[in-house]
Amino acid sequence: MKLSVASAMIEAALAEAEKRKVAVCITVVDAAAWPVAFARMDGAPLGVIDVSIKKAKTAVLFHMDSETFAKVAHPNGEAYSLENTNGGLTSFGGGLLLKTADGVIAGAIGVSGASTEDDIAIGRIAARVLTPA
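Numbering (numbering that gives the first Met the number 0), first residue to last: 0 to 132.
What follows is the structure, encoded as structure tokens:
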């Protein structure tokens, strides 16, 4: 994950969040779950800083969006409490796995601070920077 690409994703996410009139935190990590870029919008609660990081980390470490991970890690799921591993993960939507056009995992983006639906939508807009339609 190049900084230039991660930064462009952050900019796309910020623009979409502003359009939706929500304040969020956005984290982009590389394929090894190391942070590459981060932004916290004015007015975003401090608690969502860590949540955005954990959403991105969850997606890349388990090769699935955090929304899908939630289906496995919920109380009746196959791997309940899995979110307690790897220094803490999260089991709800807003973390999206990022793949290149040829399917190689490039990293993940985590968005937090709005509704789960808005977090996911903002992340999807940002992900288009990596793989334009």
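Glycine included, C-beta positions come from ideal geometry on N, C-alpha and C.
If one requires a minimum length of 3 residues, no beta strand (DSSP E) run lies completely within the segment 49 to 86. E82 and T89 have their C-alpha atoms spaced approximately 6 angstroms apart.
Counting of Cβ neighbours within 10 angstroms places S80 among the exposed residues, the total staying below 16.
Scanning its chain for C-beta atoms nearer than 8 angstroms, with the 5 sequence neighbours on each side dropped, one finds around A12 the residues V23, I25, A38, I108, V110, I121, G122, I124 and A125, in chain order. Restricting attention to D64, K54, K1 and A36, the CA atom closest to the CA of G86 is found in K54.
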